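*Asks:* The sequence shown begins at 301 in my numbering and counts up one residue at a time. Ideal Cβ positions, reconstructed from N, Cα and C, are used throughout, including at glycine. Source: prediction; values computed, not measured. If you scroll down you'll find the structure; I have some questions about it.
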Amino acid sequence: MTQDERLVPAGRGLDNSLADLTQTKPFGRYDRYSSPPAETNVREYLYVILKRKWLILSLVLVVTSLVTIQVYRQPSVYEGGTTIRIESKPAPVLATGQVIINAPADANFWGTQLKLLQNPQLARQVVLSLELQKDPSFLGGQAQSSVFASLKRIFAGERTATPPAQNPAAEQTVTTDEMKERQLTPQELAALEPYEDAIVGSETIEPIIGTSLVTIKYQHTDPALAQRIANTLADVFVQNNRERLDIGTSKAEEALAQEIAKYQDKVKKGQDARFAFAKEHDLPLGPESGPNIEVVRDSTYSGQLLNAENERRNFLAVYEAARNAPDPFANPEVQKDERIIKLREKISDLKDKLTSLRQKYTDEWPEVKQVRAQIDDLEIELKKAPVEVLASMKSRADAAAAHEKSLEKAYSVQHGKTVSQTRNVIELAIKTQELATDQQYLNTLMQKRREVTQGGADRGTDVRVETYSRMPHEPVGPQRMRNIMIAFVLALVAGIGLAFLLDYLDDTVKSLDDIDRYIHLPALALIPSVRSEKRLRGAEPLKPSDTTALAMVTDVRSPIAESYRHLRTSLLLSSAGTPPKTILVTSSQPSEGKTTTAINTAFMLAQTGADVLIIDCDLRRPRLHSHFNLSNTRGLTNCLSGESDVEELLQTYDKLPKLKLLTSGPIPPNPAELLGSEEMRKLLVSLSEKFTHIIVDSPPAISFTDSSILSTFVDGVILVVHGGRSSRAVVRRAKQQLLDVGAHIFGVVLNNVKLESTDYYYNSYYSSYYRTDEADVQGGADGGQNSRAASS
């Protein structure tokens, strides 16, 4: 038998395989070859959150605590607010008697004023007025407090000292002239820059919509400084505006006088230049009367030139058509020629006469010859006639062209005179317009000078303080509770997002739902971990007696023992009719608990009174003998090699006589070939006749081909998956590898599952179960065992 033949399951044909694919399995909601519908509900989201609740709570606690300490380290900020009025009075453009025409409002006025309030030059005047460069509390008071002080502030609260009341308008401001007189050095200016930046950075300008009022707000940790700086900012701004108005009025009068003198001289020179230009080019200074002769001549020559051009084109077109015609007599001019018409009439008369003579005489008759000779002479003359007509037509075309050239020359001369005159007229009009504009602007300047002289500063921007700042008693910042709540919400969202991210990145099988959703195989049983059992029992962990695997089921009340009973029931009901005899137990990778599952499954089947045999077919790393403290000097390999009979190699478990064991024996150099041999198949067939159930322990399916070979010899396969460690992709690969060789998979056993994170009903039930009276528990366990044995 070849290796390929050994991988084909005995007794299964193509029809049976197709039947297996279409039958519905008794355990599991979906067929193994179909994908279940993806369902996402609130319970799954809640499960992910609760599973990592300590991570979320820790992240929320740490972030919220750090933010709380940080916000309370920040000093309290007070705000002073001063209200000023800014009114723009547009200067009138023209004022005559009772009529005043005002200039349009400046669209950039308010933007300019608000920017001036945040000018570093204004901040420098405030610093020098209040001598803030000598006040250590101005910049030092904004530093953060220590962690201890912030904790004290959190639990003891914040106490604000009430500063003494001050006169809000008592500060002596530094003027612009004083700033110039001081002549600060570059070093002094550099030293003032941090103070200027601090004022500009903490200053807020808020215009009140619908009014001419603007609020100047300044924030500082010292309430007295906040009040003083806000008031001083307003006072300095009002003072600077007044200085600009005073300086602007005198400068405006001086500038207007210079501008008026300049334009008076410009108007005088413009008038002289206009008169000289009109006289030089013989142009009228006033409006003209009557038509312009040069223009009329230009128009007349233009019309005549167009007519001559059309006439020349017509003559030339007729001549070219007649010259290029294939039949000269087809030319209309030739046909209309009187000489040609007469020649045709004579030729026609002679031909009629010749016809009548031929009726009486022969062609040799003298008169006939004479008439024929006349006809020939006339036809020769007729042929020459079109040439003469064409020559006459060419003469007319040449004459029309000469006439056109003469008119074109005359028109060119006249048009030059007209263009020159028009250019002179336009230039004179431009000079006239420039002169009128200068005269109008001169009148405007003179009107502006009268207004400046009469009105003075009343036409400037009116700025005054409406309300000085009060002493702030309550802080306006920082918004501690708001920042703490935002940090709490963000940390909570980040923790939940991190929990979902970790759950998304976790590719392991952790629950029965994962088996149903990703593996698409029935879940035979869920085996809890020993740690979960200890927690449920509320006592010390179970002490193993003489084995490791069997220690899990020695106590009939333990959840692990109950889980293996559930596995036994699932196996007995996995096939319709006869329960399976030969069962292969394997896993996708090592250390998933397949040997423990095989031993406990065989143990539970033997408790029903059936004859059970467990065979250690893991010829690479046998573990069966170590769990039962048996010798492994002889076993399966001796039987397959023909050294011993199988009856001699079977061993009995003393505590359960119905359970027989066949250890692996010496490890062979070729395990796969030995397990895939015909002797192995015959051995299983012969043993299945003697035992009710045969449990076969095999190596992992992914690492070796032993499990794939043995799966073709047995009735079905149990795939053991380690909960929370086995990757979904690896388990699916092991499943597909078994299905590819035609193996029948009963289902999956989810092993070593932490119940504290997966099954809350399971926890609560067994916790209350173990808290009952010991005598009642023992009696219930014995009764339950007897009833299960009877049902099995």
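So, at 7 Å on beta carbons, what are the nonlocal neighbours of H866 in its own chain, with the 5 sequence-adjacent residues on each side left out?
*Replies:* Here residue 866 is taken as the residue at index 566 of the sequence shown, counted from 1. Around H866: A825.
*Asks:* For L533, count neighbouring Cβ atoms within 10 angstroms of its own Cβ and tell me buried if that reaches 16, exposed if not.
*Replies:* As a first step, residue 533 must be located in the sequence shown, where it is residue number 233. L533 comes out buried.
*Asks:* I need the DSSP call for E478, collapsed to helix, strand or coil.
*Replies:* Residue mapping note: residue 478 aligns to position 178 of the sequence shown, counting from 1. Note: E478 maps to helix in three-state DSSP.
*Asks:* Among V538, L792, E609 and P772, which residue has its Cα nearest to the Cα of S365?
*Replies:* As a working mapping, residue 365 is identified with position 65 in the sequence shown. Checking every option, the nearest Cα to that of S365 belongs to L792.
*Asks:* Check D954 in the structure and name its three-state DSSP category.
*Replies:* Numbered from its first residue, the sequence shown carries residue 954 at position 654. Coil, per DSSP.
*Asks:* Hey, does E681 have any beta-carbon neighbour from chain B nearer than 9 Å?
*Replies:* Absent here is chain B; the protein component of the structure consists of one chain.
*Asks:* Take the Cβ of A407 as the centre, count every other Cβ of all protein chains shown within 10 Å, and call the residue buried at 16 or more, exposed below.
*Replies:* Reading the sequence shown from its first residue, position 107 is the one you call residue 407. Classification for A407: exposed.
*Asks:* Using the Cβ count rule (16 or more neighbours within 10 Å means buried), how would you classify Y372?
*Replies:* Taking the first residue of the sequence shown as 1, we reach residue 372 at position 72. Label assigned to Y372: buried.
*Asks:* Compute the distance between the beta-carbons of S1026 and S888, then report whether it is under 9 Å.
*Replies:* Residue 1026 sits at position 726 when you count from the first residue of the sequence shown. Residue 888 sits at position 588 when you count from the first residue of the sequence shown. Against a cut-off of 9 Å, the Cβ pair of S888 and S1026 comes out as a contact.
*Asks:* Tell me N607's beta-bridge partners as DSSP assigns them.
*Replies:* Your numbering for residue 607 matches position 307 in the sequence shown. Beta-bridge pairing links N607 to no other residue.
*Asks:* Label Q527 either buried or exposed according to how many other C-beta atoms from any shown protein chain fall within 10 Å of its C-beta, with 16 as the threshold for buried.
*Replies:* Taking the sequence shown and counting its residues from 1, one reaches residue 527 at position 227. It counts as buried.
*Asks:* Ignoring anything shorter than 4 residues, give me the alpha helix (DSSP H) runs that lie fully in the region 337-373, in order along the chain.
*Replies:* DSSP runs (the alpha helix (DSSP H)) wholly in the region 337-373: 342-351 and 353-373.
*Asks:* Please name the residue or residues paired with Q519 in a DSSP beta bridge.
*Replies:* Taking the sequence shown and counting its residues from 1, the one referred to as residue 519 is at position 219. DSSP lists E379 as partners of Q519.
*Asks:* Which value, in whole angstroms, describes the spacing of the CA atoms of D649 and K642?
*Replies:* As a first step, residue 649 is located in the sequence shown; it is residue number 349 there, counting from the start. As a first step, residue 642 is located in the sequence shown; it is residue number 342 there, counting from the start. Their Cα atoms are separated by approximately 11 Å.
*Asks:* Can you check the region 906-980 for any alpha helix (DSSP H) of at least 4 residues that lies completely inside it and give the ranges in chain order?
*Replies:* Listed in chain order, they are 924-928, 936-940, 946-949 and 971-975.
*Asks:* Roughly how many angstroms separate the alpha carbons of P971 and A1001, rounded to a whole number?
*Replies:* Counting from 1 along the sequence shown, the entry for residue 971 is found at position 671. Counting from 1 along the sequence shown, the entry for residue 1001 is found at position 701. Using only the alpha carbons, I get a separation of about 14 Å.
*Asks:* Can you tell me whether DSSP reads T886 as helix, strand or coil?
*Replies:* Reading the sequence shown from its first residue, position 586 is the one you call residue 886. In the structure shown, T886 sits in a strand (DSSP, three-state: E or B).
*Asks:* Here's a check: name, in chain order, each residue in its chain whose Cβ is nearer than 6 Å to the Cβ of R597, leaving out the five neighbours to either side.
*Replies:* Position 297 of the sequence shown, counting from 1, holds the residue named residue 597. Correct list, in chain order: Q714.
*Asks:* Where does M980 land, buried or exposed, given buried means 16+ other C-beta within 10 angstroms?
*Replies:* Locating residue 980 in the sequence shown gives position 680, where the first residue counts as 1. Label assigned to M980: buried.
*Asks:* For the beta strand (DSSP E) holding R764, just list the boundary residues, first then last.
*Replies:* Reading the sequence shown from its first residue, position 464 is the one you call residue 764. Taken as a continuous stretch (DSSP letters only), the beta strand (DSSP E) holding R764 covers D762 to T767.
*Asks:* To the nearest angstrom, how far is the alpha carbon of R934 from that of N1052?
*Replies:* Counting from one through the sequence shown, the residue named residue 934 turns up at place 634. Counting from one through the sequence shown, the residue named residue 1052 turns up at place 752. Straight-line Cα distance between these residues: approximately 32 Å.
*Asks:* Hey, could you find the ends of the beta strand (DSSP E) G997 is sitting in?
*Replies:* By one-based count along the sequence shown, residue 997 stands at place 697. Strictly speaking, residue 997 in this sequence is Asp, with Gly absent from that position. Where D997 is concerned, the enclosing beta strand (DSSP E) stretches over H993 to D997.
*Asks:* If I measure Cβ to Cβ from Q418 and keep anything under 7 Å in the same chain, skipping five residues before and after, which residues do I get?
*Replies:* Walking along the sequence shown from the start, residue 418 turns up at place 118. Hits under 7 Å: V500, E503 and I505.
*Asks:* Looking at the strands, I want to know which residues DSSP matches up with V1021.
*Replies:* Counting from 1 along the sequence shown, the entry for residue 1021 is found at position 721. V1021 pairs with L1050.
*Asks:* Can you check DSSP and say which residues form a bridge with R385?
*Replies:* As a working mapping, residue 385 is identified with position 85 in the sequence shown. DSSP, once it has assigned bridges, lists L513 and R764 as partnering R385.
*Asks:* With D918 and P999 assumed to form a contact (beta carbons below 8 Å), what rounded beta-carbon distance in angstroms separates them?
*Replies:* Sequence index remark: in the sequence shown, residue 918 carries index 618 (1-based). Sequence index remark: in the sequence shown, residue 999 carries index 699 (1-based). At roughly 5 Å, the Cβ-Cβ gap stays under 8 Å, so D918 and P999 are in contact.
*Asks:* Under the assumption that H993 contacts V1017 (Cβ atoms under 8 Å), give the Cβ distance between them as a whole number of angstroms.
*Replies:* Indexing the sequence shown from 1 puts residue 993 at position 693. Indexing the sequence shown from 1 puts residue 1017 at position 717. Contact doesn't hold; Cβ gap of about 14 Å is too wide.
*Asks:* Mind checking V885: buried by the 16 CB within 10 Å criterion, or exposed?
*Replies:* Within the sequence shown, residue 885 is the residue found at index 585, counting from 1. Under this definition V885 is a buried residue.
*Asks:* Considering only residues of the same chain and omitting the five flanking positions on each side of A906, which have a CB-CB separation below 6 Å?
*Replies:* Residue mapping note: residue 906 aligns to position 606 of the sequence shown, counting from 1. Result list for A906: V912, L956, K958 and L959, in chain order.
*Asks:* Would you report the Cα separation of K660 and L654, rounded to the nearest angstrom?
*Replies:* Position 360 of the sequence shown, counted from the start, is the residue given in the question as residue 660. Position 354 of the sequence shown, counted from the start, is the residue given in the question as residue 654. So the alpha carbons of these two residues sit roughly 10 Å apart.
*Asks:* Consult DSSP for A823 and reduce its assignment to one of helix, strand or coil.
*Replies:* Start at 1 with the first residue of the sequence shown, and residue 823 comes out as number 523. If DSSP states are grouped into helix, strand and coil, A823 belongs with the strands.
*Asks:* Within this structure, are the beta carbons of T908 and S988 separated by less than 9 Å?
*Replies:* As a first step, residue 908 is located in the sequence shown; it is residue number 608 there, counting from the start. As a first step, residue 988 is located in the sequence shown; it is residue number 688 there, counting from the start. In this structure, S988 does not lie closer than 9 Å to T908 by Cβ.
*Asks:* Do you know how far the Cα of S863 is from the Cα of R817?
*Replies:* In the sequence shown, the residue the question calls residue 817 occupies position 517. In the sequence shown, the residue the question calls residue 863 occupies position 563. Their Cα atoms are separated by approximately 21 Å.
*Asks:* Which two residues bound the contiguous beta strand (DSSP E) that contains T869?
*Replies:* By one-based count along the sequence shown, residue 869 stands at place 569. No beta strand (DSSP E) contains T869, which is instead part of the alpha helix (DSSP H) from P859 to L872.
*Asks:* Could you give the residue range of the beta strand (DSSP E) that holds P507?
*Replies:* As a working note, residue 507 is residue 207 in the sequence shown. Segment E503 to P507, the beta strand (DSSP E) holding P507.
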